[in-house]
Amino acid sequence: MVVAMAWLFLRNDAFLYTNPVGQVTRVSEKRTQKITDEHQNSDFIMTQKLTVKLLNHDKKIIHVSNSYAQSQVISSRYRVGDQLLLENIGSNKHILSLKRDAVMGALATLLVGLLLIYSKWRATSWLMASLVINIILFGLTLFINVHSKNANVLLLFSVLAILFATASLVLVLGKTLQMGITLLTTLVTTTLTIGLLLLVLRLANNGGVHFETMAYVTQVPETLFMAQTIIGVLGAVMDEAADIVAMQFGMRREGITRHFSDYWHAGMSVGREIMGTLINVLFMIFIAETMPMVFLMLRNGNNWTYILDQTMNLGILQTVISGIGIVLAVPVTSALVGWIMARKVTKS
Amino acid sequence: MNAIGILVIILFVLMIVVGRSQGVKAFLGLVCNFFAIFILIILINWQFNAYIVTAIISVIILAVAIYLGSDNTEVTNVAFKTSIIVVAVLMLVAVILQYFGQFQGFTTENSEELEGLSLTVGLSFRNIAMVVMVISVLGAVAEAAMAISADLNEVMQRSPNMTGTSLYAHSRIIGGQILGTAINTLFFGVLGANIPLLIWFVRLRYPIAMFVNAKLLMTEIVTMLLGMLGILLSIWLASWFIVRTNVKQQKVRIKHGRDV
Chain V
1 MVVAMAWLFL RNDAFLYTNP VGQVTRVSEK RTQKITDEHQ NSDFIMTQKL TVKLLNHDKK
61 IIHVSNSYAQ SQVISSRYRV GDQLLLENIG SNKHILSLKR DAVMGALATL LVGLLLIYSK
121 WRATSWLMAS LVINIILFGL TLFINVHSKN ANVLLLFSVL AILFATASLV LVLGKTLQMG
181 ITLLTTLVTT TLTIGLLLLV LRLANNGGVH FETMAYVTQV PETLFMAQTI IGVLGAVMDE
241 AADIVAMQFG MRREGITRHF SDYWHAGMSV GREIMGTLIN VLFMIFIAET MPMVFLMLRN
301 GNNWTYILDQ TMNLGILQTV ISGIGIVLAV PVTSALVGWI MARKVTKS
Chain R
1001 MNAIGILVII LFVLMIVVGR SQGVKAFLGL VCNFFAIFIL IILINWQFNA YIVTAIISVI
1061 ILAVAIYLGS DNTEVTNVAF KTSIIVVAVL MLVAVILQYF GQFQGFTTEN SEELEGLSLT
1121 VGLSFRNIAM VVMVISVLGA VAEAAMAISA DLNEVMQRSP NMTGTSLYAH SRIIGGQILG
1181 TAINTLFFGV LGANIPLLIW FVRLRYPIAM FVNAKLLMTE IVTMLLGMLG ILLSIWLASW
1241 FIVRTNVKQQ KVRIKHGRDV
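Chains V and R supply the protein sequences, listed in that same order. Once you know that position 120 of the first sequence is 120 in our numbering, the rest is easy, because the numbers rise by one and skip nothing. Basically our numbering = 1-based index in the second sequence + 1000.
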């Protein structure tokens, strides 16, 4: 119900846009030519004549033409009912993008709705609050990064990482000792991991790492890559540390006197169980992301070694680093919590 | 010297030192999944039906991730059953999303990487967009299903006479915690990965309209939301399965008690 309402609202939100928005009301299509490229791939180029009804500003009807290849690698085929984001160039309008906000909104509403049904209103709102705060922090950091000429990117994103970790842990766990320890172990492990990465890169002289293959680069790719890695490692490490610390605190609630070794062994065994699947999560996301490019390069007659080198180089590096972070989190957390707990016991 | 090679070796050594036999298995699991994806890519490149190939390879990847992750068959069976159902549902959702959202392929922002490549390759990138969405949620779904069933299993072992309702209450608390941390991981992962793209958008002064409609960014966000949906569904379904079997077992036990 709510999902349908969100969908309907976002289908009719054209008045919010400053760009012209239109809806396709008629399509006439014809096949213009058959192409065979130098790698013997054959494809069809189609031309569409779209009749578009403008939904904001002047509610005129205009005609736009669009051509696309059957494989739709970079071009899109539009259908009746699709809404388009247009752009004025001189007196002509051309298509900027498909309007996707209704799909996105419907999916987001579905997710939030299900979250609300599953967990209580309070828990969901804390989770949402932490996501929103993190997005705002992230936006601010980007703003500083873009607008100050000589910002230290590494420092900037390290501060962001600390703020991220604090904000999300406080909102999920509350201001407790458990939160404090989780935060501490997360930061220690992340620092260790990034330190290790920098050390290895320095020793190997960046050998085998192709920073130049990075996409969408607008500033020095090396520091940008570090910023990416810090945030990614932080998320993974935080997840693992939170799970281990939660279990060890459960032990403290149940147990009477526990020694360092008890906490250590329990923490290690929990960590061992979750470490593999957690690395798998990141691995799957990264590898899925590179797939379109792999397909395209394969079809262009490149061999696998070249493809792996060009498309997966930085991704593999990042996944491996996150993996190291996840594994390191296990002993660091177990030891740190054990040490703090054991000291508390002897004190009291 | 190759820095990536060194780091892979460091990861492998660390996994063995910290995880012992489980670490070796986890590493093997990663290698297996890498090959599974490799086969998926080759088969789709040979124009096999993308839907069927994805379904089969997904089952294989889930099986590897789950059955190599733990030795406890009660945990793994529930987790496997759950993940298969959840991934099937998500695949359906992905097809619908792809139909309306057209998340396929590349955009003009990619033109630098695309230089010199033929773009008329005769392979449906619409299907590939769907494949990407499905593959990227597999890990998250398997992880959430494993975590909840392992935790609930431990609760049941600690207090075997727990009633269905109190087990259910436990599942809600544990599920909430797993949900929170897992969603955060996914969120940070996606945010981190997209720093360059977002800086690009800000620097080149994209209109706000593009932030909520542009294909590149939306593809990433759709993948993230789909992953979150997968985590939620698998926690939900796995706890339901466990509570149901628990209630059934108790009924059987009560019956036995009467018969004796």
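From the three backbone atoms N, C-alpha and C, an ideal C-beta is built for every residue, glycine too.
Name the two residues that bound the continuous alpha helix (DSSP H) containing N145 of chain V.
Walking along the first sequence from the start, residue 145 of chain V turns up at place 145. Residues 121 to 147.
If we cut at 8 Å on Cβ distances, does Y216 of chain V have a partner in chain R?
Taking the first residue of the first sequence as position 1, residue 216 of chain V is located at position 216. At least one chain R Cβ lies under 8 Å of Y216 of chain V.
CB T193 of chain V to CB L328 of chain V, shorter than 8 Å?
Position 193 of the first sequence, counting from 1, holds the residue named residue 193 of chain V. Position 328 of the first sequence, counting from 1, holds the residue named residue 328 of chain V. Yes, Cβ-Cβ distance for T193 of chain V and L328 of chain V is below 8 Å.
For the segment 198 to 205 of chain V and the segment 1145 to 1154 of chain R, state whether three or more C-beta atom pairs, one from each stretch, are separated by less than 8 Å.
no
Can you check which of these residues, R:M1224, R:I1135, R:M1146, is closest to L1237 of chain R by C-alpha distance?
Position 237 of the second sequence holds residue 1237 of chain R. Among R:M1224, R:I1135, R:M1146, the Cα nearest to that of L1237 of chain R belongs to R:M1146.
Neighbour-count burial assignment, W121 of chain V, 16 or more Cβ in a 10 Å radius
As a working note, residue 121 of chain V is residue 121 in the first sequence. Result: exposed.
Helix, strand or coil at S334 of chain V [DSSP, three-state]
Translated into positions along the first sequence, residue 334 of chain V becomes position 334. In this structure, S334 of chain V counts as helix in the three-state DSSP scheme.
What residues are listed by DSSP as bridge partners for Q1177 of chain R?
Sequence index remark: in the second sequence, residue 1177 of chain R carries index 177 (1-based). Answer by DSSP bridge pairing: none, since Q1177 of chain R is not bridged.
Closest to A1063 of chain R by C-alpha separation, out of R:W1200, R:I1084, R:Q1047, would be which residue?
Within the second sequence, the letter at position 63 stands for residue 1063 of chain R. Ranking the options by Cα distance to A1063 of chain R, first place goes to R:I1084.
Could you check which residue in R:N1033, R:G1122, R:F1241, R:F1125 has the C-alpha nearest to that of S1171 of chain R?
Your numbering for residue 1171 of chain R matches position 171 in the second sequence. Checked all of R:N1033, R:G1122, R:F1241, R:F1125; the closest Cα to S1171 of chain R is R:F1241.
Taking just the CA atoms, how far does I1235 of chain R sit from L1186 of chain R?
Stepping through the second sequence from its first residue, residue 1186 of chain R is reached at position 186. Stepping through the second sequence from its first residue, residue 1235 of chain R is reached at position 235. Between L1186 of chain R and I1235 of chain R, the C-alpha separation is close to 15 Å.
Please list the residues of the segment 26 to 42 of chain V that have a C-beta atom closer than 8 Å to any C-beta atom in chain R, keeping them in chain order.
I35, D37, E38, H39, N41, S42
In angstroms with no decimal places, state the Cα-to-Cα distance between V1031 of chain R and Y306 of chain V.
Locating residue 1031 of chain R in the second sequence gives position 31, counting from the first residue. Locating residue 306 of chain V in the first sequence gives position 306, counting from the first residue. Those two C-alpha atoms are separated by around 20 Å.
What in chain V is Cβ-close to M1228 of chain R, meaning under 9 Å?
The residue labelled residue 1228 of chain R in the question sits at position 228 within the second sequence. Chain V residues near M1228 of chain R: L111, L115.
Going by other Cβ atoms of all chains shown within 10 Å of its Cβ, with 16 needed for buried, is S1058 of chain R buried or exposed?
Position 58 of the second sequence, counted from the first residue, corresponds to residue 1058 of chain R. When all chains shown are included, S1058 of chain R counts as buried.
Name, going along the chain, the residues of the segment 326 to 348 of chain V whose beta-carbon falls closer than 8 Å to a beta-carbon of chain R.
V327, L328, V330, P331
So Q1157 of chain R contacts chain V; which residues on that side make the cut at Cβ distance below 7 Å?
For the purposes of this step, residue 1157 of chain R is taken as residue 157 along the second sequence, with counting starting at 1. Chain V residues near Q1157 of chain R: none, gap ~14 Å exceeds 7 Å.
Among all the DSSP beta bridges, which residues are the ones paired with G22 of chain V?
By one-based count along the first sequence, residue 22 of chain V stands at place 22. Beta-bridge pairing links G22 of chain V to V:L54, V:L84.
Between V:T141, V:M46, V:M268, V:T18, which lies nearest to A241 of chain V when the distance is taken from Cα to Cα?
As a position in the first sequence, residue 241 of chain V is number 241, starting the count at 1. Of V:T141, V:M46, V:M268, V:T18, the residue nearest in Cα terms is V:M268.
Let me check understanding here. Comparing Cα to Cα, which of V:A4, V:I62, V:S67, V:T18 lies closest to Q33 of chain V?
Stepping through the first sequence from its first residue, residue 33 of chain V is reached at position 33. That would be V:S67, whose Cα lies nearest to the Cα of Q33 of chain V.
From R:I1135, R:A1088, R:Q1102, residue whose alpha carbon lies closest to that of S75 of chain V
Within the first sequence, residue 75 of chain V is the residue found at index 75, counting from 1. Residue R:Q1102 is the option with its Cα nearest to S75 of chain V.
Complete runs of the alpha helix (DSSP H) confined to the segment 257 to 292 of chain V [at least 4 residues]:
none
Integer Cβ distance of V1087 of chain R from V1131 of chain R, believed to fall under 8 Å
Residue mapping note: residue 1087 of chain R aligns to position 87 of the second sequence, counting from 1. Residue mapping note: residue 1131 of chain R aligns to position 131 of the second sequence, counting from 1. No, V1087 of chain R and V1131 of chain R are not in contact; Cβ-Cβ is about 12 Å, not under 8 Å.
Closer than 8 Å by beta-carbon distance: list the chain R residues that pair up with K99 of chain V, in chain order.
Against the first sequence, residue 99 of chain V aligns to sequence position 99. Going along chain R in sequence order, the residues near K99 of chain V (Cβ under 8 Å) are N1213.
On the criterion of 16 or more Cβ atoms from any shown chain inside 10 Å, does V1017 of chain R qualify as buried, or is it exposed?
Looking up residue 1017 of chain R in the second sequence gives position 17. The residue is exposed, with fewer than 16 neighbouring Cβ atoms inside 10 Å.
Which residue marks the beginning of the alpha helix (DSSP H) containing K1081 of chain R, and which one marks its end?
In the second sequence, counting from the first residue as 1, residue 1081 of chain R sits at position 81. Unbroken alpha helix (DSSP H) run through K1081 of chain R: 1073 to 1101.
If you scan the segment 1105 to 1139 of chain R from start to end, which runs of the alpha helix (DSSP H) of 4 or more residues do you find wholly inside it?
1111 to 1114
Could you check the C-alpha separation between V270 of chain V and G325 of chain V for me, to the nearest Å?
For the purposes of this step, residue 270 of chain V is taken as residue 270 along the first sequence, with counting starting at 1. For the purposes of this step, residue 325 of chain V is taken as residue 325 along the first sequence, with counting starting at 1. Distance between the alpha carbons of V270 of chain V and G325 of chain V is about 16 Å.
Within the same chain, show all residues whose beta-carbon is closer than 6 Å to that of R31 of chain V, passing over the 5 residues directly before and after it, in chain order.
Locating residue 31 of chain V in the first sequence gives position 31, where the first residue counts as 1. Cβ within range, chain order: F44, M46.
Of the listed residues V:L196, V:S42, V:A288, nearest to S1136 of chain R (C-alpha basis):
As a working mapping, residue 1136 of chain R is identified with position 136 in the second sequence. That would be V:A288, whose Cα lies nearest to the Cα of S1136 of chain R.
How about P1160 of chain R and L224 of chain V: are their beta carbons less than 8 Å apart?
Taking the first residue of the second sequence as 1, we reach residue 1160 of chain R at position 160. Taking the first residue of the first sequence as 1, we reach residue 224 of chain V at position 224. Cβ distance not < 8 Å, so P1160 of chain R and L224 of chain V don't count as in contact.
So who's on the other strand from E38 of chain V, going by DSSP bridges?
Translated into positions along the first sequence, residue 38 of chain V becomes position 38. Answer is none; E38 of chain V lacks a bridge partner.
Thinking C-beta only, is A1144 of chain R closer than 8 Å to I1066 of chain R?
Position 66 of the second sequence, counted from the start, is the residue given in the question as residue 1066 of chain R. Position 144 of the second sequence, counted from the start, is the residue given in the question as residue 1144 of chain R. Cβ atoms of I1066 of chain R and A1144 of chain R: not closer than 8 Å.
May I ask you to report which of helix, strand or coil DSSP gives Q72 of chain V?
What you label residue 72 of chain V is simply residue 72 of the first sequence in a count that begins at 1. Reduced to three states, the DSSP call for Q72 of chain V is coil.
Three-pair Cβ contact test at 8 Å for the segment 128 to 136 of chain V versus the segment 165 to 182 of chain V
yes
Taking 8 Å as the threshold, find out whether the segment 1044 to 1056 of chain R comes into contact with the segment 1194 to 1214 of chain R through three or more Cβ pairs.
no
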